[in-house]
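Down below is the structure, laid out as structure tokens.
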Amino acid sequence: MFISLDIETTGLSKEHDEIIEIGAARYDDEGKLIDTYQTFIKPSNPIPEIITHITGIKDEDLKDAPSLDKIVDEFFDYMENLPIVGHNISFDTEFLSEKGIMLTGELLDTLVLSSIIVPGLPSYSLEMLTNQFEIKHTEKHRALDDAMATADLFIMLKKKISEIDSTTLSDIKSVVSRCNWPLKEIFLNAKSSFDSPEKEEYEYLPSTVNLPFSEKEILPIYNKEGPLSKFEDEYEQRPSQIEMTKKIIHSFDDKTNLLVEAGTGTGKSLAYLIPAAFKARQEKTKVVIATHTKNLQDQLFNKDIPVAQKAISDFIKSGEEKPFITTVLKGRKNYLSGKRLEQFMEKSFLRDHEVAMLLKVLIWRTKTKTGDMEELSLQGKEYYSWNDICCDGIKCPHSNKEYASACYLMKAREMAQNADIIITNHALLLNDTIGPSQVLPEYKYLIVDEAHQLENEATNALSINLTVDIMQYPLKRLQEILKRFPDHTDDIETLIHKIEIFFGLLGIFYEKHIHYINSISDLTLHEQFFTSLEWNKVHESAENVTLLGEQLFKKLHAFTEEYEDDELAKLVSFELEAVAETMRKTAFVILEKGVSDFGKSIVWVYRRFDGVLGISAAPLQVSEHLRGTLFHDKESIILTSATLTVENRFEYIKNQLGLDETFKEAILPSHFSYPDQVEIVLYRKLSQPASPGYFDQTCEIIYSTAIENEGRTLVLFTSKKAIEATYLQLAPRLKAKGIIIYAQNVSGGRNKIIELFKRDPEKSIIFGTSSFWEGIDIKGTSLNCVIMQKLPFDPPDDPIHSTRSNLYQDPFFQYQIPRAILKFKQGFGRLIRSSQDSGKVAILDSRILSKSYGQMFINSVPEGIKVNIIDDLV
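Here the sequence shown is numbered in my numbering, starting from 6 and rising by one per residue.
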């Protein structure tokens, strides 16, 4: 028997919020419902409006309900110390425990179980899972209905365990049998219905097709009734696409560089893919194509590349299905190391999150061809555990031929060596410019799509972030490996303790000085700080940490040389470089960047939302690094995006990326007829964003627009606080009109929100912040209005952007406005995704009319669009 349990509360804080409903359902061993339990609980305070909106529970529903202490005995009697099933069950039991109700039954979490059994889903919320598996779930966010839906999910997941092949299930049983893990008995009692399947591997064979390279040989593919028209859905001949193709052909031929802004609808992916394929096969060389977003990477590999391969094959009549070979290559940390997985499985003790991660990987390993962690859906601490089994270049034996067959990174690199076109991301492209160990093979031609993000990604690649967990992690891993050598583990424990002291002193420094500046969480370091007593103590502590780290490294290095043939010594050697790297980063940030090289870096101390203290360093500029590494040794570089110019000029992006006169420029108009498809709406009487009446005014405009459009609206915000406040104000009112708001961080993450919206756009709207301003592709009538609540300026206290802006004579017009305009253009581009789309873009920021720079934003969108200035707010 088991009981499925759910509670509804007035909030997420078990210390301050209250329980308002308990629902439970009891099931027999066959999974048949025996009986149910449901009760409202009367809280001591009114129910928050947002909770009423989510649950439907009102204060009047609870006026005659018992208090919590009145139902404790009957609730305990019902639970009977039986196993308790729940979705994220620890939330429910910890909340009950805080209120004095200590449940002792075994906890069986369907959130954990579902993420193991069916890895790779975009979301594991109960709502998404019941929809995915067609489980009855009528009254969502009501305790009894949630409990019964969870029970049905649990029963279904138990049945799916039998679909795991026998070898994998045997490995799983071997792992869980050594652990005190709540879900272990479910797997130990399971029987497999399947033998281990033969795993299909990717072929590594290179192409043998020879392709010429000239306009005459390539451009006919784009003809109105040419090869592309046979394989691309709704193909249209686009003058801008052909012009872009010509310019890329000339750049490749002339060995020159090109900066090209290609408006949405140009078809830029196929404009660069086809000449890239011809050039790669003509010269027997490689072309690397780098994107910023996973969405575009997936689009290229799964949609555009197959179309290009079919079109070229049809055009040259080769008979080969793949006249050019492509592969995706990502950073080391993305790939599973089979050898390290084996080592990890042999650990004598595994924490709950380590077991969950390990079981996910064991099941997924039988299906994956790539070993890429992005196919998994790791949660929270599972990401830390992935560090123990991935091909991280510092710690992984991937370069050792003994282990190569078990390493997915080696397989990926072998595929890249035989590929003509390598698809990668900005992060790997830029990380490959740092340090001696590169992942990408040698290449001559580079195409960077979504190039407006290149500066941000270069900043990330060159940045350092240190927290106590990050610094202690490699040491604790060494401790685990060396537990039979107490002398070494004592040394490691000493260093771990010194790191804790370092962050304690850093915290004292932070707390003293954060009060003197206008910042909530970030303390940017300036030279005047370095003479303070608190900083001197931080500096001295950092010296102690790095000195001890160097001594430990030398001692353990000597150990590995003494026992070089021992398997344990090999493991220590693999991990030891991570310790050295951590010490180098500490010295770099504190001992060097904080003083001697301060003029080239931005250093700041911060406190995360969960209270964790950290210190970060970022480059003041990335242009010099890009010029000296990424841009200096290529025969031709193409940088493209739909948003590279500010008022039709490339000066800003060229300055930020360090581009010289070798980069030719081109602005290609969109294929779409924007004057016929889009209207911009502005509001003359809107208050200034900082004024008291602004919030209520914008809420009314969003409300009336959502009603008028019957949902089908994307509202873009510049802060999470604005989303939450607007959601609280509008969610109940719009729900009464049959329209649901899917708000970022309130309704779920990005993928879940987009999926829910696409299911029923006529009855829903999206509230999103930064990640929703780009990379969202919703075509057709599902989306016909984009609202920008404010112009997208960077937060004034952002350490990186506030410091970089000081490099300019006029920071606002030379730095802040160009950055905002590029993001504004991205937000504007969310509306029109095909020639059939239409709608309006509403801007709820009065500065676009009242300030002199407002016209610069209007000038940044395609010409000829009607601007409708409305006098009435609604």
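From the three backbone atoms N, C-alpha and C, an ideal C-beta is built for every residue, glycine too.
Counterpart residues of residue i in DSSP-defined beta bridges
{"i": "Phe45", "result": "Glu26"}
{"i": "Ile428", "result": "Ile294, Val333"}
{"i": "Gln304", "result": "DSSP, once it has assigned bridges, lists no residue as partnering Gln304."}
{"i": "Val453", "result": "Ala295, Leu644"}
{"i": "Asn873", "result": "Val686"}
{"i": "Ser342", "result": "Cys412"}
From the options, residue whose alpha carbon lies closest to that of residue i
{"i": "Tyr83", "options": "His255, Gly28, Ile501", "result": "Gly28"}
{"i": "Tyr240", "options": "Ala313, Cys184, Lys260", "result": "Ala313"}
{"i": "His562", "options": "Asn549, Glu548, Thr551, Phe579", "result": "Phe579"}
{"i": "Lys235", "options": "Val627, His676, Asp319", "result": "Asp319"}
{"i": "Asn262", "options": "Ile254, Thr269, His21", "result": "Ile254"}
{"i": "Ser342", "options": "Asn86, Val333, Met415", "result": "Met415"}
{"i": "Thr731", "options": "His518, Thr172, Leu538, Gly773", "result": "Gly773"}
{"i": "Glu462", "options": "Val627, Lys386, Phe614, Tyr450", "result": "Val627"}
{"i": "Ile658", "options": "Ile822, Phe564, Leu126", "result": "Ile822"}
{"i": "Val608", "options": "Asp238, Glu516, Thr808", "result": "Thr808"}
{"i": "Glu713", "options": "Pro737, Cys790, Ile771, Glu666", "result": "Cys790"}
{"i": "Ala622", "options": "Tyr688, Leu467, Pro737", "result": "Leu467"}
{"i": "Asp842", "options": "Ile853, Pro800, Thr786", "result": "Thr786"}
{"i": "Glu65", "options": "Asn307, Ile595, Asp78, Pro48", "result": "Pro48"}
{"i": "Ile106", "options": "Thr115, Ser130, Phe81", "result": "Phe81"}
{"i": "Ala424", "options": "Lys338, Ser390, Ile294", "result": "Ile294"}
{"i": "Ile863", "options": "Leu827, Leu471, Glu419, Arg835", "result": "Leu827"}
{"i": "His676", "options": "Gln831, Ser840, Thr645", "result": "Ser840"}
Integer-rounded CB distance, given that residue j should sit under 8 Å from residue i
{"i": "His331", "j": "Ile428", "result": "The sequence given here places Thr at residue 331; His does not occur at that position. With a Cβ gap of about 6 Å, Thr331 and Ile428 count as contacting."}
{"i": "Glu640", "j": "Lys260", "result": "5 Å"}
{"i": "Thr155", "j": "Val90", "result": "6 Å"}
{"i": "Leu735", "j": "Cys704", "result": "6 Å"}
{"i": "Val577", "j": "Leu483", "result": "7 Å"}
{"i": "Arg31", "j": "Asp22", "result": "27 Å between Cβ atoms; not a contact."}
{"i": "Val584", "j": "Gly554", "result": "6 Å"}
{"i": "Asp496", "j": "Lys560", "result": "7 Å"}
{"i": "Ile8", "j": "Leu87", "result": "5 Å"}
Span of the beta strand (DSSP E), counted from its first residue to its last, around residue i
{"i": "Arg612", "result": "606-612"}
{"i": "Gly943", "result": "Given a span of 6 to 879 for the chain in the structure shown, any question on residue 943 remains unanswerable."}
{"i": "Ala847", "result": "844-848"}
{"i": "Thr14", "result": "7-14"}
{"i": "Cys790", "result": "790-793"}
{"i": "Ser646", "result": "641-646"}
{"i": "Pro479", "result": "Run containing Pro479: none in the beta strand (DSSP E); it sits in the alpha helix (DSSP H), 473-486."}
{"i": "Glu670", "result": "668-673"}
{"i": "Asp615", "result": "Segment: none, Asp615 is in no beta strand (DSSP E) and carries neither H nor E."}
{"i": "Gly834", "result": "Careful: Gly834 lies outside any beta strand (DSSP E) and carries neither H nor E."}
{"i": "Ile62", "result": "Neither: Ile62 is in no beta strand (DSSP E) and is coded neither H nor E."}
{"i": "Glu266", "result": "262-267"}
C-beta contact flag for residue i and residue j at 8 Å
{"i": "Phe329", "j": "Ser212", "result": "yes"}
{"i": "Ile191", "j": "Lys163", "result": "yes"}
{"i": "Glu379", "j": "Thr373", "result": "no"}
{"i": "Pro674", "j": "Pro867", "result": "yes"}
{"i": "Tyr708", "j": "Leu664", "result": "no"}
{"i": "Gly716", "j": "Lys768", "result": "yes"}
{"i": "Met161", "j": "Phe138", "result": "yes"}
{"i": "Leu849", "j": "Phe777", "result": "no"}
{"i": "Thr269", "j": "Ala592", "result": "no"}
{"i": "Glu760", "j": "Pro53", "result": "no"}
{"i": "Leu883", "j": "Ile177", "result": "The requested residue 883 is not part of the displayed model; the chain covers only 6 to 879."}
{"i": "Ser692", "j": "Gln682", "result": "no"}
{"i": "Gln287", "j": "Leu233", "result": "no"}
{"i": "Glu325", "j": "Ala361", "result": "no"}
{"i": "Ile642", "j": "Leu433", "result": "no"}
{"i": "Gln794", "j": "Ala727", "result": "yes"}
{"i": "Gly679", "j": "Ile837", "result": "Residue identity check: residue 679 is Tyr in the sequence provided, not Gly. Result yes, Cβ atoms of Tyr679 and Ile837 sit closer than 8 Å."}
Limits of the unbroken alpha helix (DSSP H) element including residue i
{"i": "Val360", "result": "357-370"}
{"i": "Asn549", "result": "538-567"}
{"i": "Asp259", "result": "244-259"}
{"i": "Tyr389", "result": "387-391"}
Any non-hydrogen atom of the ligand NAD within 7 Å of residue i CB
{"i": "Pro816", "result": "This structure does not include the ligand NAD; it has no bound ligands of any sort."}
Minimum Cβ-Cβ distance from residue i to chain C less than 8 Å
{"i": "Ser839", "result": "You won't find chain C in this structure, because it holds only one protein chain."}
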